[in-house]
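Engineer: Numbering (the working numbering), first residue to last: 43 to 291. Ideal placement from N, C-alpha and C gives every residue a C-beta, glycine not left out.
#1: Pull up the distance between the alpha-carbon of residue 135 and that of residue 120, whole angstroms please.
#2: According to DSSP, is residue 98 part of a helix, a strand, or is it coil?
#3: Given that a residue counts as buried once 16 or more other Cβ atoms are within 10 Å of its Cβ, and exposed if not, what is residue 5?
#4: Give the DSSP-derived three-state secondary structure of residue 205 in the structure shown.
#5: Measure the alpha-carbon distance for residue 185 versus residue 132 and round it to whole angstroms.
#6: Can you give me the C-alpha to C-alpha distance between residue 244 and residue 164, rounded to a whole angstrom?
#7: I'd like the list of long-range same chain contacts for residue 268, defined as Cβ closer than 8 Å, with 5 residues on each side in sequence excluded.
#8: Relative to the C-alpha of residue 116, which residue among 183, 143, 272 is closest?
#9: Look at the alpha carbon of residue 242 and the alpha carbon of residue 272, and state the distance between them as a whole number of angstroms.
#10: Tell me the DSSP bridge mates of residue 212?
#11: Output the distance between the C-alpha atoms of residue 168 and residue 287, rounded to the nearest integer angstrom.
#12: Thinking residue 144 and residue 174 are a contact (beta carbons under 8 Å), I'd like their distance in whole angstroms, please.
#13: Once DSSP output is grouped into helix, strand and coil, what is the label at residue 194?
#14: Does residue 274 come out as helix, strand or coil in the three-state DSSP assignment?
#15: Please name the residue in 112, 236, 140 whose C-alpha comes closest to that of residue 217.
#16: Suppose you measure from the CA of residue 19 to the CA of residue 195; what does that come to, to the nearest Å?
#17: If you draw a straight line from the alpha carbon of residue 197 to that of residue 279, how long is it in whole angstroms?
#18: So is residue 239 buried or exposed if we call it buried at 16+ other beta carbons inside 10 Å?
#19: For the alpha helix (DSSP H) that contains residue 175, what are its first and last residues?
#20: Helix, strand or coil, according to DSSP, for residue 241 in the structure here?
#21: Got a sec? Which residues, its chain only, sit under 7 Å from residue 142 by beta carbon, not counting five neighbours each side?
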């Protein structure tokens, strides 16, 4: 565990297995991309433009989540996917935590990050049931609102997620948490796909910030490095590596 511990807080909410071969270098969104609203810009002239969330809507959503925040307690962000290895947030530390009632799943079509509107890829979301282990990033109170505005712009621009208060269990006790869970009413919700269907999209789709294979490899490796192994992601890594090997045979 990192040296820092959770303070009284609000939380918002990212083996020796063969590694899938990347179709492009490991990449990810940057803070500068978020600041210039690159994701919405990429979709504003696409068929998905009508689904984009406006600045006013995002601001209202964040304000509603923070309505009871006193402005002095630190805030934590629960990361279960790319936030773990690419947080793009100014944070003072992180600790591991477990949220029950949700699990990590490739259930979100990606039209920008790991795919295109014509050939959507898949990224992770929190879906109902089970439990999920991830990282809690601590945001100091003095910068929390600013950092959360960026996080909302990163995660909430397309209406694919709903911000929920959750409870994260850590080695130091329970922490009230908000996580970004999948919006079942969004057209971008992919539902429960078979492993073969997931691997097919990860193996063939690529977006502004790299391929699905990159995304899976980086997320699984980051979880293993943090001691938070996800057997299902490891299985997908094996299936993807086997597919890539077979295609070259």
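Structural biologist: Here's the rundown:
#1: 12 Å
#2: helix
#3: Here the chain has residues from 43 to 291 only, and residue 5 is not among them.
#4: strand
#5: 8 Å
#6: 7 Å
#7: 126, 138, 177
#8: 183
#9: 20 Å
#10: 215
#11: 30 Å
#12: 5 Å
#13: helix
#14: helix
#15: 140
#16: Because the chain is modelled from 43 through 291, residue 19 falls outside the range shown and cannot be assessed.
#17: 25 Å
#18: exposed
#19: Unbroken run through residue 175 is the beta strand (DSSP E), 163 to 181; no alpha helix (DSSP H).
#20: helix
#21: 173
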